[in-house]
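Sequence lines, in order, name chains A, B, C and D.
Note that our numbering gives residue 40 to position 29 of the first sequence, counting from 1, and the numbers run on in steps of one.
Note that our numbering gives residue 14 to position 3 of the second sequence, counting from 1, and the numbers run on in steps of one.
Note that our numbering gives residue 142 to position 131 of the third sequence, counting from 1, and the numbers run on in steps of one.
Note that our numbering gives residue 97 to position 86 of the fourth sequence, counting from 1, and the numbers run on in steps of one.
Don't be surprised by glycine CBs; every beta carbon is placed ideally from N, CA and C.
Values in this document were obtained by computation on a predicted structure and should not be read as measured data.
To start, the structure under review is shown below, and the notes come after it.
4 protein chains.
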Amino acid sequence: MAFSMNLRVQYYDTDKMMVVYHVNYIRYFHTVRTEYFRAAGYPYSDMENEDFQMPVLSVAADFKTPAVYDELVTVSCKITKLAPASMEFDYEIRNAETGELHVTGHSRHGFTSRNLRPIPLKKKCPEIYAFIEELYRSESKEQE
Amino acid sequence: MAFSMNLRVQYYDTDKMMVVYHVNYIRYFHTVRTEYFRAAGYPYSDMENEDFQMPVLSVAADFKTPAVYDELVTVSCKITKLAPASMEFDYEIRNAETGELHVTGHSRHGFTSRNLRPIPLKKKCPEIYAFIEELYRSESKEQE
Amino acid sequence: MAFSMNLRVQYYDTDKMMVVYHVNYIRYFHTVRTEYFRAAGYPYSDMENEDFQMPVLSVAADFKTPAVYDELVTVSCKITKLAPASMEFDYEIRNAETGELHVTGHSRHGFTSRNLRPIPLKKKCPEIYAFIEELYRSESKEQE
Amino acid sequence: MAFSMNLRVQYYDTDKMMVVYHVNYIRYFHTVRTEYFRAAGYPYSDMENEDFQMPVLSVAADFKTPAVYDELVTVSCKITKLAPASMEFDYEIRNAETGELHVTGHSRHGFTSRNLRPIPLKKKCPEIYAFIEELYRSESKEQE
Numbered sequence: 012m013a014f015s016m017n018l019r020v021q022y023y024d025t026d027k028m029m030v031v032y033h034v035n036y037i038r039y040f041h042t043v044r045t046e047y048f049r050a051a052g053y054p055y056s057d058m059e060n061e062d063f064q065m066p067v068l069s070v071a072a073d074f075k076t077p078a079v080y081d082e083l084v085t086v087s088c089k090i091t092k093l094a095p096a097s098m099e100f101d102y103e104i105r106n107a108e109t110g111e112l113h114v115t116g117h118s119r120h121g122f123t124s125r126n127l128r129p130i131p132l133k134k135k136c137p138e139i140y141a142f143i144e145e146l147y148r149s150e151s152k153e154q155e
Numbered sequence: 012m013a014f015s016m017n018l019r020v021q022y023y024d025t026d027k028m029m030v031v032y033h034v035n036y037i038r039y040f041h042t043v044r045t046e047y048f049r050a051a052g053y054p055y056s057d058m059e060n061e062d063f064q065m066p067v068l069s070v071a072a073d074f075k076t077p078a079v080y081d082e083l084v085t086v087s088c089k090i091t092k093l094a095p096a097s098m099e100f101d102y103e104i105r106n107a108e109t110g111e112l113h114v115t116g117h118s119r120h121g122f123t124s125r126n127l128r129p130i131p132l133k134k135k136c137p138e139i140y141a142f143i144e145e146l147y148r149s150e151s152k153e154q155e
Numbered sequence: 012m013a014f015s016m017n018l019r020v021q022y023y024d025t026d027k028m029m030v031v032y033h034v035n036y037i038r039y040f041h042t043v044r045t046e047y048f049r050a051a052g053y054p055y056s057d058m059e060n061e062d063f064q065m066p067v068l069s070v071a072a073d074f075k076t077p078a079v080y081d082e083l084v085t086v087s088c089k090i091t092k093l094a095p096a097s098m099e100f101d102y103e104i105r106n107a108e109t110g111e112l113h114v115t116g117h118s119r120h121g122f123t124s125r126n127l128r129p130i131p132l133k134k135k136c137p138e139i140y141a142f143i144e145e146l147y148r149s150e151s152k153e154q155e
Numbered sequence: 012m013a014f015s016m017n018l019r020v021q022y023y024d025t026d027k028m029m030v031v032y033h034v035n036y037i038r039y040f041h042t043v044r045t046e047y048f049r050a051a052g053y054p055y056s057d058m059e060n061e062d063f064q065m066p067v068l069s070v071a072a073d074f075k076t077p078a079v080y081d082e083l084v085t086v087s088c089k090i091t092k093l094a095p096a097s098m099e100f101d102y103e104i105r106n107a108e109t110g111e112l113h114v115t116g117h118s119r120h121g122f123t124s125r126n127l128r129p130i131p132l133k134k135k136c137p138e139i140y141a142f143i144e145e146l147y148r149s150e151s152k153e154q155e
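So, in structure tokens, the structure goes:
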């Protein structure tokens, strides 16, 4: 994975099964995506000021083992695809100490204007496209 | 109370205490407020089209007894105050069958434009003000 | 689809994109699953009293078009697979009036005891298994 | 305030008013309470292992100014009362850089066993009581 951060499981992330409610892991995907862009130097909130949004087109998650209240988890992501009008991410959520794998996931995002109309990102927001392309490239280099 | 509706407690409303997470009752307050306006003939979503919003200025709740997963609860509200720039509601949440009291609450709302600037409602949106005033008046009559 | 219900999009289901936050559609999947079992005569909350749980093993969703605040949506599901230790569902979320397709989805569930240990459902909880098998069979008949 | 931490406003904390949905600030209250106990040396998750819980009996919040997506906020709390069967907290949420006040709040908590029966904390869990009493005392000293 290209970027990792630690999150503490909150009380309100759990349900009566005494573990994290499955849907909330997908929120963690969102958090790590956001922090990845910030850490790389171009926060998503700044991108939004350029009349740009990146709505989720699809998401998938496999729940391997449950995380519990107050557990420190490591949430990781990497870009797996960059196309003219969309991009994709992979995710992992693990126990921060033991590395036990809790969840894997994937999401696909479109590039749109604020009013959710698809845009050709490279033409409309060349700086954002260049930033994402550079991120994706540096990930590929790391893996070589 | 002036208006009541039934809601089913969802799995994701619970936490690892095996009962409804306290914050989620305050979401139920919001739901009943919305349905009260709709039932009375002027949905809040239509009000928003008039460059109007009603943000929550304060909220308070007393949690008496816990509601549990899959319980059918009756959520009720009434208007307790109408002023030129704000209004207030009382709430109750009860078991739908036994009437056992789970939660009581209160909220205060400001009248603003879409950009959250306070507005004198009676002047700016006279139809909305007339609607709310009529609701409040009919509540008072019922209680006589 | 085998079962459908209407849900009203709540204010707290939206995010600053002015549409439903994608993760919340997956909560709707959970709601329709629950109501399907109830409508068919064996509520999930009763199943839990038999030392049974049905945790989500995986979930996937495709977000086609956004649903908006206060929209009435029809959420549907059907069972697509029943195995000795797991079952699967398909989902659809549509505008209740126009039928416009918002979201499709899929989930896979394991059969476990309350402490999340996998169980052979047919042997451990024959009544629950028979109920689900009958549901699945009657769905197949409808489609013929 | 006795303890403060920074939190990043997440996308899913916002609603279509383009600011934080009011209910989510009350989740922040929970987070800071949890981290206060951890920082002081006795995590709440460890307390739960002693057959102890601290359910919320009441909560109140005043929403002064809205926090927005991606804003870094400072969430603070202090203990305002310790009684044999309950305790109370005050809260503040501010912009982390400017100090602008967004929200103030208050919560009251009961001391119970895991099955939510009230317990005399000092007798049943003397170590937890001593810990909380010491926290409360050291807060009072700081203020002198």
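Exercise. What are the complete beta strand (DSSP E) segments, minimum 3 residues, inside the segment 52-87 of chain D?
Worked result: 67-74
Problem set entry | Which residues DSSP lists as bridging residue 129 of chain B, in chain order | B:123
For this session: Kindly say whether residue 134 of chain C, judged by its beta-carbon, lies nearer than 9 Å to any beta-carbon of chain D.
Result: no
Problem set entry | The alpha helix (DSSP H) enclosing residue 46 of chain C, as first and last residue numbers | 33-50
For this session: Taking only the alpha-carbon atoms, compute the straight-line gap between residue 58 of chain A and residue 128 of chain B and give it to the nearest angstrom.
Result: 26 Å
Problem set entry | residue 41 of chain D: contacting residues in chain A (beta-carbon distance under 8 Å) | 21, 22 and 23
For this session: Could you tell me which residues DSSP pairs with residue 18 of chain D in its beta bridges?
Result: D:84
Problem set entry | Which listed residue (B:68, B:67 and B:56) has its alpha carbon closest to that of residue 83 of chain C | B:56
Exercise. Can you name, in chain order, every residue of its own chain whose Cβ lies under 8 Å from the Cβ of residue 75 of chain B, other than the five neighbours on each side?
Worked result: 112, 113, 114 and 115
Exercise. Between the segment 24-35 of chain C and chain D, which residues of the former have a C-beta closer than 9 Å to a C-beta of the latter?
Worked result: 24, 25, 26, 27, 28, 29, 30, 32, 34 and 35
Exercise. What residues in the segment 80-99 of chain B bring their beta carbon closer than 7 Å to a beta carbon of chain A?
Worked result: 80
Exercise. The beta strand (DSSP E) spanning residue 108 of chain A covers which residue range?
Worked result: Element bounds for residue 108 of chain A: n/a, residue is neither H nor E.
For this session: Count the other CB atoms, across all protein chains shown, that sit within 10 Å of the CB of residue 148 of chain A; report buried if there are 16 or more and exposed otherwise.
Result: exposed
Problem set entry | residue 151 of chain A classed as buried or exposed, judged by whether at least 16 other C-beta atoms fall within 10 angstroms | exposed
Problem set entry | Three-way DSSP call (helix, strand, coil) for residue 92 of chain A in this model | strand
For this session: Report yes if the C-beta distance between residue 117 of chain D and residue 97 of chain D is below 9 Å; otherwise report no.
Result: no
Exercise. Taking residue 72 of chain B as the reference, which of B:32, B:141, B:81 and B:20 has the closest Cα?
Worked result: B:32
Exercise. Given 8 Å as the limit, is there contact between the segment 136-143 of chain B and the segment 12-31 of chain C, that is, 3 or more CB pairs closer than that?
Worked result: no
Problem set entry | residue 43 of chain B to residue 132 of chain B span [Cα, whole Å] | 22 Å
For this session: Indicate whether at least one CB of chain G lies closer than 9 Å to the CB of residue 112 of chain B.
Result: No chain G is present in this structure, whose protein chains are A, B, C and D.
Problem set entry | Sequence-distant residues of the same chain with beta carbon closer than 7 Å to residue 18 of chain A, five excluded per side | 39, 42, 84 and 86
For this session: Below 8 Å on the Cβ atoms is my guess for residue 34 of chain A versus residue 37 of chain C; work out the distance and round it to an integer in Å.
Result: 5 Å
For this session: Tell me, to the nearest whole angstrom, how far the beta carbon of residue 66 of chain C is from that of residue 123 of chain C; I am working on the premise that it is less than 8 Å.
Result: 6 Å
Exercise. Exposed or buried, what is residue 46 of chain D when buried is set at 16 or more other beta-carbons lying within 10 Å of its beta-carbon?
Worked result: buried
For this session: From the DSSP output, in three-state form, read off residue 24 of chain A for me.
Result: helix
Exercise. Apart from the five residues just before and just after residue 48 of chain C, which ones in its own chain have a Cβ nearer than 7 Å to its Cβ?
Worked result: 54 and 55
Exercise. Residues of chain A with CB under 7 Å from residue 143 of chain C, in chain order?
Worked result: Correct list: empty, because the minimum Cβ distance to chain A is about 19 Å.
For this session: Could you name the residues that DSSP lists as bridge partners for residue 100 of chain C?
Result: C:90 and C:118
For this session: For chain C, find out if any of its Cβ atoms is closer than 9 Å to the Cβ of residue 124 of chain A; answer yes or no.
Result: no
Exercise. For residue 99 of chain D, which residues of its own chain have a beta-carbon under 6 Å away from its beta-carbon, when the five flanking residues on both sides are left out?
Worked result: 91, 92 and 119
Exercise. When the Cα atoms are used, what is the spatial distance from residue 107 of chain B to residue 30 of chain D?
Worked result: 34 Å
Exercise. Thinking C-beta only, is residue 23 of chain D closer than 9 Å to residue 101 of chain C?
Worked result: no
For this session: Check whether the Cβ of residue 78 of chain B lies closer than 9 Å to any Cβ atom in chain D.
Result: no
Exercise. Is residue 74 of chain D close to chain B, meaning its C-beta is less than 9 Å from at least one C-beta of that chain?
Worked result: yes
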